[in-house]
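Chains as they are written, first to last, in numbering that gives the first Met the number 0: chain L, 0 to 347; chain Z, 0 to 522.
A virtual CB, placed ideally from N, CA and C, is assigned to each residue, including glycine.
Because the structure is a prediction, the values reported are computed rather than measured.
Written out below as C-alpha cells is the structure these notes cover.
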Amino acid sequence: MSNRTINLLVPVVSVILGLIVGAIIMLISGFDPIAGYMALWSGIFGDLYTMGETIRQITPYILAGLAVAFAFRSGLFNIGVEGQLIVGWFAAAYVGIAVELPKVIHLPLAILAAAVAGGLWGFVPGLLKAKFHVHEVIVTIMMNYIALHTTNALIKTVSGGGDRTEQIFASASLRSEFFANLTDFSRLHYGILVAVVMVAIMWFVLDKTTLGFELKAVGFNHNASQYAGMNVNKNIILAMVISGAFAGLGGAMEALGTFQYVSAKGGFTGIGFDGIAVALLGMNTPLGVVFGAVLFGSLKYGALNMPNAAGIPIEIVEIVIAVIIFFVASGYVIRLLLQRAAIKKEAK
Amino acid sequence: MEYVIEMLNIRKEFGTFVANDNITLQLKKGEIHALLGENGAGKSTLMNVLFGLYHPEGGEIRVRGEKVNITDPNVANDLGIGMVHQHFMLVENFSVTENIILGSEPTKYGVTNKKDAAKKVQALSEQYGLNVDPNAIIEDISVGMQQRVEILKTLYRGAEILIFDEPTASLTPQEIIELIQIMKRLIAEGKSIILITHKLKEIMDVSDRVTVIRKGQGIGTVVTAETNPDELAALMVGRQVEFKTNKGKAFPKENILMVKNLTVEDYRGVEKVKNLSLNVRQGEIVGIAGIDGNGQTELIEAITGLRKVKSGTISIHGKDITNLKPRQVTEAGVGHIPQDRHKHGLVLDFPIGHNISLQTYYKGPISKSGIIDYSKIEKKALDIIEAYDVRTQGPHTPARALSGGNQQKAIIGREVDRNPELLIAALPTRGLDVGAIEFIHSRLIEQRDNGKAVLLISFELDEVVNVSDRIAVIHDGEIVDVVLPEETTEQQLGLLMAGHHIQTGGNSKGSGQEKRGEDQHVE
Ligand SMILES: Nc1ncnc2c1ncn2[C@@H]1O[C@H](COP(=O)(O)OP(=O)(O)OP(=O)(O)O)[C@@H](O)[C@H]1O
Ligand SMILES: [Mg+2]
C-alpha cells in the first residue's frame, strides 16, 4: 500500500470505525442504532432548513479552530479561545446596540470591535509569556474566567439589570435575507463568508508572508530564530493577538449573526474548547480546520435531532458523538495499524 | 572466528532514497570496529537499524550467530546492544544515578531503590575506570563526563556490544585521550565496540578493523594494521585525495573587528569574559585557541548580539555595535557559524531551503513588502546545495533529515554566501569528514583572500594552527597572548591555554602536525 492510499484511507476508516463503535454503544444501551444514525443524518442534511442551520453552526467552529491552529503553528497553546470569543461576542453586540450608523460602517465596525476585543484578550497572555515567561496555558485559562464574569457584569450594566441586552440595530446585523430564503428561513447568515475569508487570510499569512515565516520559525525554535535576527518576543505577542482576533470574530458570528444580542452566561459556550479539537483534527492547517469544523459542527447540530426522532437520551447521543470524534482524532493510530498491515503483507 | 554481530546486506530506504544499499558489517568479539564514510554516507542510519530505531527494507541481522528481528531499542537492549548517541539523551536536573536507572527503576516494596542503584553505578564506574560520581547532577558536569554517564547507562543495562556515534566530536583533546583509554578498558573486559568517527588518526590508534561505506554502499572491510590514513581516505571518497589546505601569505589591511575592554557575564552573573581586547583585520584569519569554557561562547554571543555586554565596546569597521540586536549586527556585516548547530544554527523542522534563507527571507530579492517569493528561496537553496556539496534529496527535505555533516555544510554555505565583512566561525568543522574539512578551510581562506576578516574558534589545535594567521589564546576570559602559528609549538600553545605566560617568541619549527596527502594508494 502506498503512502497516498493510506492517507486517503485513514479518515474513511476512522469514521467507519467510530460509527461502528457508536452503534455498539447504542445497541448495548437498548436503542436502535439504525434509527439513531438516520436521525443524525436527517438532523444534518434532512432539509434545506437543517442544512442552513448546520452551516450556521459550523461558522464559529471554523473561527475558533483557526484561532487555536494559528497559535499552535507559532508554538503556542491558546486555551483562551473561549474567553476571547466571549469578549468578542460582547464587544460586537455592544457596538451593534450603542450606535446606529449606515450599514457599510456599522457592520464592519462591530466585526472589528470583536476582533480587537479578542486580540486584546490574547495580548495579555502573549505579553506575560514574552516578558516574564509565564506559561500561556495557565494565563489563558484564567483569562477565560475573567472574560466570562466580566462580560456577565457588563451585560447587567448595559441592560439595566437584566441578563440579556436588547437586539442590535439591523445596520450591524449579519442576517441575510438571501440565505434565509435559500434555506427555508434558517438562521444562516453572512458570517460563513467572513469565516471563509479568514481561512484564506490565515493561509496567506502563514504560507506567503515574512510574518508567517517568522511565526513558524519562532514556533519551532526560539534560539535559532533569535540567532537569525527575529524578534522572538514580538512574534509571541503578535501570534497571540492574531489568534485572539480570530476567536473574537467567532464571537461576532454569534452576536451579529445567530443571536443578535448577548446574554449573561451560566457557563462557557464550549465553542472555544471545541476549537482545540477542531484544530487538531485539521492538523492545524487552514483547510484542515474547515474539515474539522464541518465534522464537528455537523455532528453537534445533527445530534440535536436524535433524542426527538429516535428517542435516544441526550447522554447516550453525546457519548456516540464523542466516540466518532475520538476515532477521527486518533487517526494516527489507524495509520499505524494500516502501515503495520502493509509491512506484514510485504514480508510474506 | 566468532562474530557477535553480523549485519548482512542491509538495505534501508527513505521514500525513494536509498540510505543503505547492501551493506555488510561483521563485528568480532572483543574488537573495536570502526565505521568510516563521508558525511551522509549512511553510518548513523546503519547503526540506527542495528539499535532498532529504523526497520531495514532488506538484509538480515545476526547476533551471536542467531538471526534476530530488532523491532525497537528494547529488543536491542535485551540482546546486549547499547548505543551512545552523539546528542546525549540525559535529563539535565537529574542525578547521574537517576538518569541511569530512568526507564528501568529498581524497586523495593514498590519504592524506587536509589541507594542500591547508586552502589551498582559506583561499582561499574570503578570497574571500567570511568570515575563518575553517581550523585552528581547532570547539568553540573562536563560534556566528557556526561558521555561517560551515557556509557554507564548502556553498561548498567548489560550491554555487551557498544555503538559509539561520533563520540569524540564534542570532546576536548584531553577528554578524547581519556575516552580512548576507556574504550580499551571496555575491550579488556570482554565488550565489543563499533566506533563511528571522522578522525582517521583515532581510527588508526584504536580500531582493529575498519568497514568503509560510500554513498550508502558497502565498500569493504580492512584490517587497520594493514592500512594507512591515505588509503582509508581514498576508499572513503572513491578517488585519490589530497587533504592539504593550500594557504598563501596573508595581507592584512584595516581593522574590521575591534573589541575593547569587553566584560561579559553568563546567565548566572559570573564574569566569563574579563576586560578582553581583540582586533581582526581585513584579509586575516584570527584563531582563538583555548579550552572549552574559557569564555569563547560568551565572547561570540556578545559580538553577535545574543548576549548583553556588561562593559566595554565592540565595533565593526568603525561602527559601534555594542549591545545591538542580532539583526542589526548581521546587517552591519557579521556572519556567524554557530557553535551549536541544533540550538542556534537551524530550525530543524523547517525545510533545509528555508534554513538557507533564515537571515535573508525578509529582504529583496526574496521578499517584497512583506510577501515572500518562495521560488527565490528554492533557487537560493539549490545554488548553495550545489556549491557546498550539501547531500540532500532537495531543498524541501526537513533539516532534521540531513546527516549531521550536511547540516553543517548548509549552515556554512549560508553564512559564507552572504559574504560578510567579518565571519565568525565557531567549531566550523565539528562532525565533518576529512574532505569536507579541507573544503571548509579553503572557503575560510578564500574569504580572507577576498579581503574579509575571519574569526575562528576551535578546540582543535591542528585546525587553529593550520588555518589561522594569528592565534589569540584565551584563558579564563582573558587573552593571555597573541602568537604567530609558524613561531609557536603545540606545547607552547598548550601551556598558554592552561594560563601560563611564556616569555620567548618560541621556535619556528612547525608544530608537529602530521602531513597527510602524500604517498597515496589506490583502492
Ligand atoms: N529520517 C530520514 N529521512 C530521510 N532521509 C534521511 C533520514 N535520515 C537520514 N537520511 C538521509 O540518509 C543519508 C544518510 O544519513 P546518515 O545520517 O546515516 O549519514 P552519516 O553517514 O551518519 O553522516 P554524518 O557523518 O554526516 O553524520 C543522508 O543523505 C540523509 O539525508
Ligand atoms: Mg551521522
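- Under the 10 Å beta carbon count, residue 107(L) is surrounded by fewer than 16 other beta carbons and is classified as exposed.
- Residue 221(L) has its alpha-carbon roughly 15 Å from the corresponding atom of residue 300(Z).
- Boundaries of the beta strand (DSSP E) around residue 24(Z): 16-27.
- For residue 207(L), the chain Z residues whose C-beta falls within less than 7 Å of its own C-beta are 370, 371, listed in chain order.
- For residue 295(Z), the CB contacts under 7 Å within the same chain, skipping 5 residues up- and downstream, are 287, 289, 456, 473 in chain order.
- The criterion of a C-beta distance shorter than 9 Å is not satisfied by residue 346(Z) and residue 129(L).
- Residue contact with chain Z for residue 225(L): present (Cβ-Cβ distance below 9 Å to some residue of chain Z).
- In this chain, the alpha helix (DSSP H) harbouring residue 147(Z) covers 142-155.
- About 37 Å separates the beta carbon of residue 323(L) from that of residue 133(L), a gap too long to meet the 8 Å contact definition.
- Fewer than three beta-carbon pairs drawn from the segment 58-75 of chain L and the segment 141-161 of chain L are found closer than 8 Å, and the two stretches are therefore not classed as touching.
- Under the three-pair Cβ rule at 8 Å, the segment 39-51 of chain Z counts as touching the segment 3-13 of chain Z.
- The beta carbon of residue 365(Z) sits closer than 8 Å to the beta carbons of 356, 359, 371, 372, 375, 376, 379 from its chain, once the five residues preceding and following it are set aside; these are given in chain order.
- For residue 346(Z), the nearest CB of chain L lies under 9 Å from its own CB, placing it at the interface with that chain.
- At a cut-off of 9 Å, the C-beta of residue 216(L) has a neighbouring C-beta in chain Z.
- Spatial neighbours of residue 180(Z) in its own chain (CB-CB distance under 8 Å, excluding positions within 5 residues in sequence) are listed in chain order as 128.
- Residue 222(L) belongs to the set of residues whose beta carbon lies under 9 Å from a beta carbon in chain Z.
- In chain order, 222, 223, 226 make up the part of chain L whose C-beta sits under 7 Å from the C-beta of residue 343(Z).
- Among the residues of the segment 260-273 of chain L, none has a Cβ less than 9 Å away from any Cβ of chain Z.
- Of 341(Z), 225(Z), 500(Z), the smallest CA-CA separation from residue 203(Z) is found for 225(Z).
- Approximately 3 Å separates the beta-carbon atoms of residue 228(L) and residue 326(Z); this is inside 8 Å, confirming the contact.
- Per DSSP, residue 182(Z) has no beta-bridge partner at all.
- The beta carbons of residue 84(L) and residue 51(L) sit about 22 Å from each other, so the pair does not count as a contact at 8 Å.
- Relative to ligand 1, even the nearest heavy atom lies 8 Å or more away from the CB of residue 437(Z).
- For residue 432(Z), the shortest C-beta to heavy atom distance toward ligand 1 is below 8 Å.
- Taken through DSSP and simplified to helix, strand or coil, residue 62(L) comes out as helix.
- Inclusion of residue 315(L) and residue 24(L) in the CB contact set at 9 Å is warranted, their separation being smaller than that value.
- When DSSP assignments are scanned along the segment 165-253 of chain Z, the uninterrupted stretches of alpha helix (DSSP H) that are 4 or more residues long and fall wholly within it turn out to be 172-187, 199-205, 228-236.
- The C-beta of residue 122(Z) has fewer than 16 other C-beta atoms within 10 Å across all chains shown, which makes the residue exposed.
- In the assembly as shown, residue 267(Z) is an exposed residue. Its beta-carbon has fewer than 16 other beta-carbons within 10 Å.
- For residue 219(L), the nearest beta carbon of chain Z is closer than 9 Å to its own beta carbon.
- Rounded to the nearest angstrom, the gap between the Cα atoms of residue 424(Z) and residue 137(L) is 41 Å.
- Look at residue 232(L): its C-beta is not under 9 Å from any C-beta on chain Z.
- Interface flag for residue 252(L) against chain Z is unset, since no Cβ pair is found closer than 9 Å.
- Residues of chain L whose Cβ lies closer than 8 Å to the Cβ of residue 366(Z) are, in chain order, 209.
- One Cα belongs to residue 279(Z), the other to residue 259(Z), and the distance between them is close to 12 Å.
- DSSP, read as helix, strand or coil, puts residue 78(L) in coil.
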